[in-house]
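Heads up: the protein sequence lines correspond to chains A and B, in order. Counting in numbering that gives the first Met the number 0, the first sequence runs from 0 upward without gaps. Counting in numbering that gives the first Met the number 0, the second sequence runs from 0 upward without gaps. We put the CB at the ideal spot given by N, CA and C, even for glycine. Take a look at the structure set out below.
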Amino acid sequence: MSMVYINIFLAFTLSFMGLLIYRSHLMSSLLCLEGMMLSLFIMMTVTILVNHFTLASMAPIVLLVFAACEAALGLSLLVMVSNTYGTDYVQNLNLLQC
Amino acid sequence: MMTYIVFILSVIFVVSFVGFSSKPSPIYGGLVLIVSGAVGCGIVLSFGGSFLGLMVFLIYLGGMLVVFGYTTAMATEQYPEVWVSNKAVLGAFIVGLLSELLTACYILKGDDVEVEVVLKFNGAGDWVIYDTGDSGFFSEEAMGIAALYSYGTWLVIVTGWSLLIGVLVIMEVTRGN
């Protein structure tokens with residue numbers, strides 16, 4: 000298998016780490032989620048094109064549809080947080096006080 | 000050098016991923032994500048997938064990232080952080096960059112390097128697609144995507160329904176109260 004897969008897998012792992020280790024903005028975590036979806040799309044497309052797996056070419060498009068759904072939902076939650084608190088800082092999400 | 004063009008594009012892909020994963024202010028992260036989307040489209044185009052590369056540009060960059068862009072413009076701060084203005088961001092960027100450069104140098108150093116993680120990876124210049132036969136006058140990948148409407152009718156129904164439900168859910172979420 001080609002070495003290109005190592006780089007794309009490394010990109011997925013990097014944005015996964017970026018999603019888990021958050022700083023101040025909720026928006027940067029959503030951007031890292033988008034990066035994960037992009038690297039998955041590229042990996043799926045390259046595998047399908049190299050192996051001539053013709054009938055599976057519809058799978059990246061379906062992945063893009065569901066990624067768009069999830070991005071829109073995440074953005075709507077961010078908009079509601081920003082409407083309530085003024086900014087989208089993660090430290091504002093502190094209603095649970097154990 | 001042209002045999003390694005796909006590998007170089009994937010290195011630029013990883014470097015731009017490091018750029019937004021080190022989390023500067025979201026507006027700069029969005030800019031770097033646009034660059035990585037364009038480079039990813041280049042990787043797909045190098046393997047002959049012209050329709051799917053166009054999909055990346057139109058749907059992903061032109062649709063989703065534009066929405067991210069103006070949402071970020073709505074919820075941003077007065078002095079956005081660049082990569083050099085904060086030591087945590089700069090440190091994360093340098094660490095990611097160094098790890099990617101080490102990997103790339105190790106791969107490009109020898110002709111027969113072999114990495115075994117779960118599968119065996121070898122051949123950095125191995126960008127030629129294994130050709131089994133001739134595919135006539137049509138593009139295989141475009142025919143596979145066109146099969147979405149004949150063999151994948153149920154997929155179309157499920158994705159269309161989930162998009163409709165997603166719109167309704169978002170309208171309920173943003174109504175508040």
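Query raised in the report: If we call anything under 8 Å between Cβ atoms a contact, is S20 (chain B) one with G17 (chain A)?
Result: Reading the second sequence from its first residue, position 21 is the one you call residue 20 (chain B). Reading the first sequence from its first residue, position 18 is the one you call residue 17 (chain A). Going by C-beta atoms, S20 (chain B) is nearer than 8 Å to G17 (chain A).
Within chain B, partners of L72 (chain A) - CB distance below 8 Å:
Along the first sequence, one-based indexing puts residue 72 (chain A) at 73. Result: G165, V168, I169, V172.
Less than 8 Å between the CB atoms is what I'm expecting for F92 (chain B) and V17 (chain B), so what's the real figure, rounded? Mapped onto the second sequence, residue 92 (chain B) falls at position 93. Mapped onto the second sequence, residue 17 (chain B) falls at position 18. Yes, F92 (chain B) and V17 (chain B) are in contact; Cβ-Cβ is about 6 Å, under 8 Å.
* Do you know offhand how far N93 (chain A)'s Cα is from F40 (chain A)'s? -> Here residue 93 (chain A) corresponds to residue number 94 of the first sequence, with the count starting at 1. Here residue 40 (chain A) corresponds to residue number 41 of the first sequence, with the count starting at 1. The alpha-carbon atoms of N93 (chain A) and F40 (chain A) are separated by roughly 34 Å.
Item to check | Residue-chain proximity (S49 (chain B), chain A), Cβ-Cβ < 8 Å | outcome: Position 50 of the second sequence holds residue 49 (chain B). By this cut-off, S49 (chain B) is not an interface position.
- Message: For I47 (chain A), report the span of its alpha helix (DSSP H) as first-last.
- Response: As a first step, residue 47 (chain A) must be located in the first sequence, where it is residue number 48. I47 (chain A) -> alpha helix (DSSP H) spans 25-49.
Exercise for the section: Flag this pair as touching only if the region 78-92 of chain B and the region 50-69 of chain B have three or more C-beta atom pairs under 8 Å; answer yes or no. Expected result: no
Of all the residues that make up the region 33-65 of chain B, which are near chain A by a beta-carbon distance shorter than 8 Å? S35, G36, G39, I42, V43, F46, G47, G48, L51, M54, V55, I58, Y59, G62, M63, L64
Practice item. Report, in whole angstroms, the separation of the C-beta atoms of D87 (chain A) and A74 (chain B), which I expect to be a contact under 8 Å. Key: The sequence position of residue 87 (chain A) within the first sequence is 88, counting from 1. The sequence position of residue 74 (chain B) within the second sequence is 75, counting from 1. Between D87 (chain A) and A74 (chain B), the beta carbon gap of about 5 Å places them in contact (Cβ cut-off 8 Å).
Rounded C-alpha distance that separates L163 (chain B) from T102 (chain B):
Walking along the second sequence from the start, residue 163 (chain B) turns up at place 164. Walking along the second sequence from the start, residue 102 (chain B) turns up at place 103. Looking at the two C-alpha atoms, the distance is approximately 44 Å.
* Under 8 Å Cβ-Cβ, which residues of chain B neighbour L30 (chain A)? -> Position 31 of the first sequence, counted from the start, is the residue given in the question as residue 30 (chain A). Correct list: F19, P25, G28, G29, L32, F67.
Checklist entry - DSSP three-state call for Y88 (chain A): helix, strand or coil? => result Locating residue 88 (chain A) in the first sequence gives position 89, where the first residue counts as 1. The answer is strand: DSSP assigns Y88 (chain A) an E or B state.
Checklist entry - According to a CB-to-CB cut-off of less than 8 Å, which residues of the region 142-156 of chain B neighbour chain A? => result M142, G143, I144, A146, L147, Y150, G151, L154
What distance in whole Å lies between the Cβ atoms of Y21 (chain A) and S28 (chain A), which are believed to be in contact at a cut-off of 8 Å? By 1-based counting over the first sequence, the position of residue 28 (chain A) is 29. By 1-based counting over the first sequence, the position of residue 21 (chain A) is 22. S28 (chain A) to Y21 (chain A), Cβ: 5 Å. Contact.
- Query: Assuming A67 (chain A) contacts G62 (chain B) under a Cβ cut-off of 8 Å, what Cβ separation, rounded to an integer in Å, is found between them?
  - Reply: Against the first sequence, residue 67 (chain A) aligns to sequence position 68. Against the second sequence, residue 62 (chain B) aligns to sequence position 63. Contact holds; Cβ gap of about 7 Å.
task = In the DSSP assignment, find the unbroken alpha helix (DSSP H) run with M170 (chain B) in it and report its ends.
result = Numbered from its first residue, the second sequence carries residue 170 (chain B) at position 171. Counting along the chain, the alpha helix (DSSP H) containing M170 (chain B) begins and ends at 152-172.
- request: Could I get the ranges of all uninterrupted alpha helix (DSSP H) runs contained in the region 23-56 of chain B, with 4 residues as the minimum, in chain order?
  value: 25-45, 49-54
- At which residues does the alpha helix (DSSP H) containing I177 (chain B) begin and terminate? Since the first and last residues shown for chain B are 0 and 176, residue 177 (chain B) lies out of range.
- [ ] Would you please verify whether the beta carbon of C68 (chain A) is less than 8 Å from any beta carbon of chain B?
- [x] For this step, residue 68 (chain A) is matched to residue 69 along the first sequence. With 8 Å as the cut-off, C68 (chain A) counts as an interface residue toward chain B.
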